[in-house]
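Quick notes on the structure that follows.
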Ligand SMILES: NC(=O)c1ccc[n+]([C@@H]2O[C@H](COP(=O)([O-])OP(=O)(O)OC[C@H]3O[C@@H](n4cnc5c(N)ncnc54)[C@H](OP(=O)(O)O)[C@@H]3O)[C@@H](O)[C@H]2O)c1
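In full-length UniProt numbering, the protein residues as written are 1 to 270.
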């Protein structure tokens, strides 16, 4: 991994808002870099997450005011919002807090997937709109359909409004039963899932439609490839509003941004 970087000046205090592979990758760069005093912040939703060799804060801040207090108490000089593209509340809170405190903020976000000519995507602006597309009698060709629901075990409630279909839900940890649509088959499995796994699942359950967030990245892309190969339509939930912060797609570019702010602050401090 990255080589050790020494520093003659006070390390620059930064926080990485994480929960993604991009955040983990940036942390690996910062572990050996004495120019930074980096903290990784996690929401605490994943049991036994992989932790970097850095200080880690686990759990929410308590809204915008809680975040502002924490940033000030810890003397943070720059923030990288590397949360998931659908973690809209945390991104919004980070943007508001950084504006109020005049702190530099960067968004580290993987690019969205783009459809090809072989894909049959139906865009939905939200989970509720995706559920509405399935609920609407004229909106979906086949009723009941077998729906592979891959939006995450915490995002099933809106699909209770489209109760006629048969849902397939795959998760590591059990979902809240009260939030499931009535006809749901649960598959307990831990990824990553390759293309062969996804093809097998779509065929075995005779899936008619796949519902997915446009998360981007490689880790969950095989399900989209499998739907393309089997000519299965995808209800693709678009990302929430983009962050007002400048955006980079890679940990390396985020490190460059941090270095620019660290250098500028060193020059100001001498
Ligand atoms: N949404 C997804 O589809 C998805 C998928 C994979 C991973 N994740 C990761 O899972 C976490 C939770 O996602 P979510 O969609 O529930 O987020 P969210 O709706 O944007 O955030 C809900 C609350 O969780 C806390 N939180 C979120 N991210 C945090 C972080 N990195 N550090 C400290 N507190 C954080 C904040 O609590 P306070 O207001 O108390 O500060 C926030 O208000 C995120 O870190 C995200 O990167 C999300």
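Each residue gets a CB set at the ideal place from its N, CA and C atoms; glycine is no exception.
From a predicted model like this one, the values you see are computed outputs, not experimental measurements.
* Whole runs of the alpha helix (DSSP H) within the segment 181-249, excluding any shorter than 4 residues -> You should have 195-204, 222-229.
* For residue 54, the first and last residue of its enclosing beta strand (DSSP E) -> Position 54 of the chain shown, counted from the start, is the residue given in the question as residue 54. Residue 54: not part of any beta strand (DSSP E); DSSP gives it neither H nor E.
* Asked: What is the rounded straight-line gap between the Cα of residue 39 and the Cα of residue 168?
  -> Here residue 39 refers to the residue found at position 39 of the chain shown. Here residue 168 refers to the residue found at position 168 of the chain shown. For residue 39 and residue 168, the gap between their C-alpha atoms comes out near 38 Å.
* Asked: Given that a residue counts as buried once 16 or more other Cβ atoms are within 10 Å of its Cβ, and exposed if not, what is residue 173?
  -> Your numbering for residue 173 matches position 173 in the chain shown. A residue is called buried once 16 or more other Cβ atoms fall within 10 Å of its Cβ, and residue 173, having fewer, is exposed.
* To do: Compute the Euclidean distance between the alpha carbons of residue 160 and residue 64, then round it to the nearest angstrom.
  => Taking the chain shown and counting its residues from 1, one reaches residue 160 at position 160. Taking the chain shown and counting its residues from 1, one reaches residue 64 at position 64. So the alpha carbons of these two residues sit roughly 32 Å apart.
* To do: Out of 83, 14, 79, state which residue places its alpha-carbon closest to the alpha-carbon of residue 24.
  => Working through the chain shown from its first residue, we reach residue 24 at position 24. The residue with the shortest Cα to Cα distance from residue 24 is 83.
* To do: Within its chain, find whatever has a CB closer than 6 Å to the CB of residue 216; leave out the 5 residues flanking it on each side and keep chain order.
  => Here residue 216 corresponds to residue number 216 of the chain shown, with the count starting at 1. The answer, listed in chain order, is 110, 111, 112, 113.
* To do: Please check the pair residue 18 and residue 42, which I expect to be a contact at CB under 8 Å, by giving their CB distance rounded to whole angstroms.
  => If you number the chain shown from 1, residue 18 lands on position 18. If you number the chain shown from 1, residue 42 lands on position 42. The Cβ separation is near 5 Å, so the contact holds.
* To do: Inspect the CB distances between the segment 226-236 and the segment 199-207 and report whether three or more fall short of 8 Å.
  => Segment contact: the segment 226-236 against the segment 199-207, three or more CB-CB distances shorter than 8 Å; contact assigned.
* Asked: Looking only at its own chain, which residues have a Cβ that is under 6 Å from the Cβ of residue 255, when we skip the five neighbours before and after it?
  -> Numbered from its first residue, the chain shown carries residue 255 at position 255. Closer than 6 Å at the Cβ level, and outside the excluded window around residue 255, lie 29.
* To do: Tell me, please, which residues DSSP counts as bridged to residue 64.
  => Within the chain shown, residue 64 is the residue found at index 64, counting from 1. In the DSSP assignment, no residue is bridged to residue 64.
* Residue environment, residue 50, which counts as buried when at least 16 other CB atoms sit within 10 Å -> By 1-based counting over the chain shown, the position of residue 50 is 50. Counting Cβ neighbours within 10 Å, residue 50 comes out exposed, since fewer than 16 surround it.
* Asked: Can you name the start and end residues of the beta strand (DSSP E) that residue 170 belongs to?
  -> Here residue 170 corresponds to residue number 170 of the chain shown, with the count starting at 1. Counting along the chain, residue 170 sits inside the beta strand (DSSP E) bounded by residues 166-171.
* Asked: Do residue 25 and ligand 1 come close, with the Cβ less than 8 Å from some heavy atom?
  -> Counting from one through the chain shown, the residue named residue 25 turns up at place 25. No; taking the cut-off as 8 Å, the Cβ of residue 25 has no heavy atom of ligand 1 nearer than that.
* Asked: Between residue 6 and the rest of its own chain, which residues show a CB-CB distance below 7 Å, the 5 nearest in sequence each way excluded?
  -> As a first step, residue 6 is located in the chain shown; it is residue number 6 there, counting from the start. Taken in chain order, the residues that qualify are 34.
* Look at the alpha carbon of residue 240 and the alpha carbon of residue 79, and state the distance between them as a whole number of angstroms. => Taking the first residue of the chain shown as 1, we reach residue 240 at position 240. Taking the first residue of the chain shown as 1, we reach residue 79 at position 79. Taking the straight line from one Cα to the other gives about 20 Å.
* Do residue 45 and ligand 1 come close, with the Cβ less than 8 Å from some heavy atom? -> Taking the first residue of the chain shown as 1, we reach residue 45 at position 45. Checking the Cβ of residue 45 against ligand 1 gives yes.
* What are the start and end residues of the beta strand (DSSP E) that includes residue 149? -> Walking along the chain shown from the start, residue 149 turns up at place 149. Annotation: the continuous beta strand (DSSP E) that includes residue 149 extends over 146-149.
* Asked: alpha helix (DSSP H) containing residue 39: first to last residue?
  -> Position 39 of the chain shown holds residue 39. Run containing residue 39: none in the alpha helix (DSSP H); it sits in the beta strand (DSSP E), 36-42.
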